[in-house]
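For the sequence shown, UniProt numbering assigns the number 1 to the initial residue and increments by one for each residue that follows. Where is the CB? At the ideal position from N, CA and C, for every residue including glycine. All figures in this text were calculated on a predicted structure; none of them were measured in a lab. The structure appears right after this line, and notes come after that.
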Amino acid sequence: MVFSADLKALSKLKDSGLSLLPHQVDGVKKILSWFENGHGGILADEMGLGKTCQVVCSMVLLVNKLKNPKFVVICPLSVIEHWENEIMRFGCGQLKLFIYKGSKITRDELEKDLKSKQWNICLTTYTPFRLDNERFDFPIDVFVIDEAHAVKNQVSLLHQTVCERNAKFHLLLTGTPIQNDLDEFYSLLSLADPEKYPEDEKEQFLMEKKDKLVEKLKDATEKYVFRRLKTEVCKNLPSIQEVVLHHGLTKFQRDLYNAILVSNREFFKATKAPRQSLLSLLVQLRKAVSHPYLFQGVEPEPFTEGEHLFTASGKFMVLDKLLQFLKRNGHRCLIFSQYARTLQILADALTFRGYIYEHFDGSTKAEERFKS
Numbered sequence: 001m002v003f004s005a006d007l008k009a010l011s012k013l014k015d016s017g018l019s020l021l022p023h024q025v026d027g028v029k030k031i032l033s034w035f036e037n038g039h040g041g042i043l044a045d046e047m048g049l050g051k052t053c054q055v056v057c058s059m060v061l062l063v064n065k066l067k068n069p070k071f072v073v074i075c076p077l078s079v080i081e082h083w084e085n086e087i088m089r090f091g092c093g094q095l096k097l098f099i100y101k102g103s104k105i106t107r108d109e110l111e112k113d114l115k116s117k118q119w120n121i122c123l124t125t126y127t128p129f130r131l132d133n134e135r136f137d138f139p140i141d142v143f144v145i146d147e148a149h150a151v152k153n154q155v156s157l158l159h160q161t162v163c164e165r166n167a168k169f170h171l172l173l174t175g176t177p178i179q180n181d182l183d184e185f186y187s188l189l190s191l192a193d194p195e196k197y198p199e200d201e202k203e204q205f206l207m208e209k210k211d212k213l214v215e216k217l218k219d220a221t222e223k224y225v226f227r228r229l230k231t232e233v234c235k236n237l238p239s240i241q242e243v244v245l246h247h248g249l250t251k252f253q254r255d256l257y258n259a260i261l262v263s264n265r266e267f268f269k270a271t272k273a274p275r276q277s278l279l280s281l282l283v284q285l286r287k288a289v290s291h292p293y294l295f296q297g298v299e300p301e302p303f304t305e306g307e308h309l310f311t312a313s314g315k316f317m318v319l320d321k322l323l324q325f326l327k328r329n330g331h332r333c334l335i336f337s338q339y340a341r342t343l344q345i346l347a348d349a350l351t352f353r354g355y356i357y358e359h360f361d362g363s364t365k366a367e368e369r370f371k372s
């Protein structure tokens, strides 16, 4: 059964004005070659190279070759809509999608549909799959795990749950296949090819002498990992420009910064200060240089939107000028912060300036994020 050279089924993409880039065609062929050879693989392309559409196109070709196939894709909730869109775009009308997610009551109502023959690709997220694992007891031809770092730990419930399903073919998607942890890499290999890399032989594999281990890892990488970088396959893309702007602190911030240091004099006197104390101090200092209002009780009453939201922070003063420039020139921008409270302060500041914006963080429901 040969698929890798048969891409005719993808000709319908042209009807929608779509096409695959050369590296994406190579990715489809690689996935199908893994399937032909009876083992899974790890598609580890750099983010932005179209891993999802490569997988969807591979499924289109498999649908035309297999008898009533069942494909299951598990992914983070944050990307489930992306998967749905790509299946609709690149599915060539061959993929009948069923989405299994929601509350327990909703999933109970979907159980009957999950057992039906009305679909050939089921899209779900980590939690529903783990909680309702016994419902996925039907034969699975292709099991796709997006963001596969979630199953790198062999003792995790998700990894064990995936193994219990015993799918014919595991396809793992990740942008970080190794990350300096051979233990986790072996966990991925044990899913891609459980016969060659059984879980109970991991320690024996990793205890090999250095030269032999390096050779085994090289062989495993060549056979099971397919990774391309943007610099290799998209040479026409402009290079990323990173500009670092240095700014000073406002008097408000300097006073707060010094107060934090003074209140921690005992910490500096200690010759062996606890590591946790150091980390806590660094967090407080980072908050001070970001925006003073990150500290409770610092913002002056009556807590109204005003110029003070910008002038209290040197960083916000620079950002204010940047946003004015971007707006004048018709640009849009993405602002990221590690602190949800910083985004809340920024939202108030943007409202004061009259900007139109979308604000979401980890507490925002998935449906609201998708609308944004």
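For residue i, tell me which candidate among the options has the shortest Cα-Cα distance.
| i | options | result |
| --- | --- | --- |
| GLN324 | PRO300, LYS115, GLY354, ARG228 | GLY354 |
| ASN64 | GLU86, LEU282, SER103, GLY91 | GLY91 |
| TYR257 | PRO292, GLN338, VAL243, LEU229 | PRO292 |
| LEU245 | LYS251, LYS321, ARG265, LEU95 | LYS321 |
| PHE295 | ILE335, GLY306, ILE345 | ILE345 |
| PHE143 | GLU164, GLY93, LEU157 | GLU164 |
| HIS23 | LEU32, LYS104, GLY50, ASN37 | GLY50 |
| VAL56 | ASN37, ASN85, SER33, TRP34 | ASN85 |
| THR304 | PHE352, ILE145, THR127, LEU158 | PHE352 |
| THR250 | ARG228, LEU282, ASN329, LEU309 | LEU309 |
| ILE335 | HIS359, ASN329, ARG328, LEU157 | HIS359 |
| ASP219 | LYS196, PRO238, ASN236, GLY93 | LYS196 |
| PRO300 | LYS287, LEU343, LEU278, PHE252 | PHE252 |
| ASP113 | PHE136, LEU95, LYS212 | PHE136 |
| LEU217 | ASP181, ARG332, SER239, GLY248 | ASP181 |
| ILE105 | ASN236, PRO128, LYS223 | PRO128 |
| LYS168 | SER337, THR311, PHE35 | PHE35 |
| THR364 | GLU242, LEU77, LEU7, PHE185 | LEU77 |
| GLN338 | ARG107, GLU184, ILE140, ARG286 | ARG286 |
| ALA259 | GLY248, SER239, LEU281 | LEU281 |
| HIS170 | HIS247, ARG328, MET59, TYR357 | MET59 |
| ASP141 | LEU157, LEU21, THR221, ASN166 | ASN166 |
| VAL298 | ASN264, LEU278, MET88, ASP255 | ASP255 |
| THR221 | VAL243, LEU278, PHE185 | PHE185 |
| ILE87 | LEU13, GLY330, VAL283, ASP211 | LEU13 |
| VAL262 | GLY248, GLN241, GLN284 | GLN284 |
For residue i, which beta-bridge partners are listed by DSSP?
| i | result |
| --- | --- |
| THR174 | In DSSP, THR174 forms no bridge with anything. |
| CYS122 | VAL72, PHE98 |
| VAL63 | For VAL63, which the question treats as bridged, DSSP gives no partner whatsoever. |
| GLY41 | LEU171 |
| ILE145 | ILE74, LEU172 |
| LYS225 | Strictly speaking, residue 225 in this sequence is Val, with Lys absent from that position. ILE42, per the DSSP bridge assignment. |
My assumption, with CB atoms under 8 Å, is that residue i sits in contact with residue j. Please give the rounded CB distance.
| i | j | result |
| --- | --- | --- |
| CYS53 | THR125 | Actually they are not in contact, since the Cβ atoms of CYS53 and THR125 sit about 20 Å apart, beyond 8 Å. |
| ASN133 | THR174 | With a Cβ gap of about 22 Å, ASN133 and THR174 do not count as contacting. |
| ALA192 | GLY40 | 4 Å |
| VAL214 | ILE42 | Not quite, the Cβ-Cβ distance comes to about 19 Å (not below 8 Å), so this is no contact. |
| VAL73 | ILE121 | 7 Å |
| ALA347 | ASP361 | Not a contact, Cβ separation roughly 10 Å. |
| PRO198 | SER187 | About 12 Å; that fails the 8 Å criterion. |
| LEU123 | TRP83 | 6 Å |
| LYS70 | PHE138 | 6 Å |
| LEU32 | LEU61 | 6 Å |
| CYS333 | LEU326 | 6 Å |
Stretch-stretch touch, CB-based, cutoff 8 Å, three pairs: the region 99-108 with the region 19-34: no
Answer yes if the region 225-232 comes into contact with the region 41-59, meaning at least three C-beta pairs across the two stretches below 8 Å, and no otherwise. yes
Using 8 Å as the cut-off, can you tell me whether the region 192-207 makes contact with the region 15-24, which would need three or more C-beta pairs spanning the two stretches below that distance? no
Report yes or no: do three or more beta-carbon pairs, one from the region 309-316 and one from the region 278-293, lie closer than 8 Å? yes
Continuous alpha helix (DSSP H) assignments of at least 4 residues falling wholly in the region 251-320: 251-263, 265-269, 275-290, 308-311
Please list the segments of the alpha helix (DSSP H) lying wholly inside the region 7-35, counting only runs of 4 or more residues, in order along the chain. none
Suppose only complete runs of 3+ residues qualify. What are the beta strand (DSSP E) ranges in the region 184-226, listed by chain order? none
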